[in-house]
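Note that the working numbering has the first sequence beginning at -12, numbered continuously upward. Here a beta-carbon is modelled for each residue, glycine too, at the ideal position from N, C-alpha and C. Model, not experiment: these values are computed from the prediction. These notes concern the structure reproduced below.
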Amino acid sequence: MQDLFNRFIPEKRIFRNREVLMPSYIPTKLPHREKEIDLLASVSAAALQGETPSNIFIYGKTGTGKTAVTKWVGKELAKAGNHLDKSVHFFYINCAIVDTKYGVLQNIANHFISQWSERIPFTGWPTEEVYSKLLEAADKAGGVTIITLDEIDKIKGDELLYNLSRINSDLTNAKVSVIGISNDLKFTEFLDPRVKSSLGEQSMIFSPYNAEQLKDILEQRAQMAFKDGVASLPIITLCAGIAAQEHGDARKALDLLRISAELAEREQSNTVSEANVRRAQSEIEMDRFAEVIRTLPMQSKLILFSIIVAEEAWRVHHSGKLTTGELYNVYNALCKKAKVNSLTPRRVTELISELDMLGIITAKLISKGRYGRTKEIRLGTDPEKARSLLSEDEVISGVKDFKPYTQLHF
DNA sequence: AATCCACAGGAAGATTAGGATA
DNA sequence: TATCCTAATCTTCCTGTGGATT
């Protein structure tokens, strides 16, 4: 019995606790977020006096610790409340998962309702009914509740936010304050001004970590996640450096370290090598690249395919650079063959810029003087890889043998 | 200095698709 | 189910521009 499964459980050489490197893990110490923690704590401390804390809006890019800090402070607050015998509740909900008004209200309400029989079903009730039930339940529970809405920009419609922003006037016994978390800096711009001023009483911005800070974070986690001596300091510094270049996203840094270690484990190694990190990085990069290409709209795929095809043809016949106009000709011919309506040059330049921003291609604006201004377009990645990814699309696979030079003059 | 190429990219309006609503 | 709304996509029309050429 033991032997049967032992064969499939790899010998533990690397990990002590892999969970620590997962995005969901929240450590007890959050390095370099002391200021944010302090500010958040000072605002929400009002709850311990039985006052309603100001509503807070938290901005920051992904992997800057918004969620971790908020959850951590929330947990501590609830703990402190318990200690002081004050009724303080902390409630967290991710709006990317529950994105409807009904869903959010139902979740909050059920948080107050302990008895199963009285819980609100996940569908069926009129939304207003859920709201009044929520008020009732909250009043019954009393105390101060802090509701955290993570990825608040994902909520459909702003009715919910309006309701929540004035929920306190509907409550007699309980007090509610809201923490909104968003990685979209422009989110409030198109919000009802009343909601905006109410939710934005306090706002915080989480800035990305730099390489030094990421190093500290990785060091702390590595100590818990790995057995001793698995990841050396240079390896950790390398991971931190790579992630710092990519917007200082701590989640990415942890992913990189974790995948590197997984590769090392698969090689039966006892330590993570630089080669493991490089491999992991290209694997992550490849995944992202594949995902981006797969989800491209059809027209963008056609344009990308035109670039691949044209570049190949150019390499054979010519060694000039691919320009917008030439690309458009190829694209146009390709569309004809694929029996798809082609877009106007104006739209195509826009799509080229989008592909450029996605990092799939590079489009550099140059001037050829008398011969105009154009963009030099080049594929940013391996053409064969891109080609095979594009062939998954049926429209593209229908024209995969397309050769531009049969209908172009050089 | 003036010209002019071959586009870039802004503005505004039209079209379309998908989702909500009655 | 039909219809209505909205956001995204796309078109039309436009002005702007760096620098080789005249």
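Do Leu148 and Val117 come within 9 Å of each other at the CB atom, strictly closer than that value? In the first sequence, counting from the first residue as 1, residue 117 sits at position 130. In the first sequence, counting from the first residue as 1, residue 148 sits at position 161. Contact flag unset, no.
What's the gap between the Cα of Pro284 and the Cα of Val30? Along the first sequence, one-based indexing puts residue 284 at 297. Along the first sequence, one-based indexing puts residue 30 at 43. Roughly 45 Å between the two C-alpha positions.
Selection from Lys62, Thr87 and Ala325 that minimises the alpha carbon distance to Tyr79: Reading the first sequence from its first residue, position 92 is the one you call residue 79. Measuring from the Cα of Tyr79, the nearest candidate turns out to be Lys62.
Alpha carbon to alpha carbon, what distance is there between Thr368 and Leu395? Counting from one through the first sequence, the residue named residue 395 turns up at place 408. Counting from one through the first sequence, the residue named residue 368 turns up at place 381. With a pLDDT of 46 at Leu395, under the threshold of 50, the modelled position of this residue cannot be trusted, and the question is left open.
Do Ser219 and Val259 have their CB atoms nearer than 9 Å? Taking the first sequence and counting its residues from 1, one reaches residue 219 at position 232. Taking the first sequence and counting its residues from 1, one reaches residue 259 at position 272. Yes, they are a contact pair.
Identify whether Tyr318 lies in helix, strand or coil by the three-state DSSP scheme. If you number the first sequence from 1, residue 318 lands on position 331. Helix.
Residue interval of the alpha helix (DSSP H) (run including Tyr46): Here residue 46 refers to the residue found at position 59 when the first sequence is read from its first residue. First-last for Tyr46: Ile43 to Gly47, but that is the beta strand (DSSP E), not the alpha helix (DSSP H).
Using the beta-carbon count (16 or more within 10 Å), is Tyr358 buried or exposed? If you number the first sequence from 1, residue 358 lands on position 371. Tyr358 should be labelled exposed.
Rounded to whole angstroms, what's the CA-CA distance from Leu201 to Met344? Just pull it up for me. Locating residue 201 in the first sequence gives position 214, counting from the first residue. Locating residue 344 in the first sequence gives position 357, counting from the first residue. Cα to Cα, Leu201 sits roughly 26 Å from Met344.
Phe397 in three-state terms, based on DSSP: Position 410 of the first sequence, counting from 1, holds the residue named residue 397. Only weak support is given to the placement of Phe397: the predicted model assigns it a pLDDT of 42, under 50, and the value that follows is read from those uncertain coordinates. The answer is coil: DSSP assigns Phe397 none of H, G, I, E or B.
Whole angstroms is fine: what's the gap from Glu337's alpha carbon to Leu289's? Within the first sequence, residue 337 is the residue found at index 350, counting from 1. Within the first sequence, residue 289 is the residue found at index 302, counting from 1. Computed Cα separation, rounded: 14 Å.
Which word fits Lys66, buried or exposed, when buried means at least 16 other C-beta atoms lie within 10 angstroms of its C-beta? For this step, residue 66 is matched to residue 79 along the first sequence. With fewer than 16 other Cβ atoms within 10 Å, it is exposed.
Give the single residue among Ala28, Leu151, Lys324 and Ile348 whose Cα lies nearest to the Cα of Leu366. Against the first sequence, residue 366 aligns to sequence position 379. Among Ala28, Leu151, Lys324 and Ile348, the Cα nearest to that of Leu366 is on Ile348.
Give every residue of the same chain whose Cβ lies closer than 6 Å to the Cβ of Asp380, excluding the five residues on either side of it in the sequence, and list them in chain order. Here residue 380 is taken as the residue at index 393 of the first sequence, counted from 1. Here the set comprises Lys288.
Backbone secondary structure at Met273 - three-state DSSP: As a working mapping, residue 273 is identified with position 286 in the first sequence. Helix.
So Leu186 and Ser152 are in contact, right, with Cβ under 8 Å, and what is the actual spacing, rounded? Here residue 186 refers to the residue found at position 199 of the first sequence. Here residue 152 refers to the residue found at position 165 of the first sequence. Contact holds; Cβ gap of about 6 Å.
Spatial neighbours of Leu314 within its chain, please: CB distance less than 7 Å, with the 5 preceding and 5 following residues excluded, ordered by chain position. Here residue 314 corresponds to residue number 327 of the first sequence, with the count starting at 1. Hits under 7 Å: Ser293, Ile294, Ala297 and Ile364.
Residue range of the unbroken alpha helix (DSSP H) whose run includes Val30: Looking up residue 30 in the first sequence gives position 43. Run containing Val30: Glu21 to Ser31, per the alpha helix (DSSP H) assignment.
Does the count of Cβ pairs from the segment 7 to 21 and the segment 194 to 212 closer than 8 Å reach three? yes
Three or more C-beta pairs below 8 Å linking the segment 85 to 100 and the segment 260 to 274: no
Do Arg0 and Glu252 come within 9 Å of each other at the CB atom, strictly closer than that value? As a position in the first sequence, residue 252 is number 265, starting the count at 1. As a position in the first sequence, residue 0 is number 13, starting the count at 1. Result yes, Cβ atoms of Glu252 and Arg0 sit closer than 9 Å.
DSSP-derived helix/strand/coil call for Arg399: No statement about residue 399 is possible, as the shown extent of the chain runs from -12 to 397 and does not include it.
Simplified DSSP assignment, three categories, for Tyr196: Taking the first sequence and counting its residues from 1, one reaches residue 196 at position 209. Tyr196: coil per DSSP, three-state reduction.
Cα-Cα separation, Ile377 to Lys390: Walking along the first sequence from the start, residue 377 turns up at place 390. Walking along the first sequence from the start, residue 390 turns up at place 403. Correcting the residue identity first, residue 377 is Leu in this sequence and not Ile. So the alpha carbons of these two residues sit roughly 16 Å apart.
Assigned exposure category for His70 - 16 Cβ within 10 Å defines buried: By one-based count along the first sequence, residue 70 stands at place 83. Exposed, because fewer than 16 other Cβ atoms sit within 10 Å of the Cβ of His70.
CA nearest to the CA of Asp137, picked from Glu249, Gly47, Asn257 and Leu225: Start at 1 with the first residue of the first sequence, and residue 137 comes out as number 150. Ranking Glu249, Gly47, Asn257 and Leu225 by Cα distance to Asp137 puts Gly47 first.
Among Lys214, Ser354, Lys127 and Arg265, which residue has its Cα nearest to the Cα of Asn257? As a working note, residue 257 is residue 270 in the first sequence. Per the Cα distances, Lys214.
Among residues of its own chain, excluding the 5 on either side of Ile229, which ones have a beta-carbon nearer than 7 Å to its beta-carbon? Within the first sequence, numbered from 1, the residue matching residue 229 stands at position 242. Leu243 and Gln268, listed in sequence order.
Please state whether the Cβ-Cβ distance between Ala96 and Gly129 is less than 9 Å. As a first step, residue 96 must be located in the first sequence, where it is residue number 109. As a first step, residue 129 must be located in the first sequence, where it is residue number 142. Their beta carbons are not under 9 Å apart, which means Ala96 does not touch Gly129 by this criterion.
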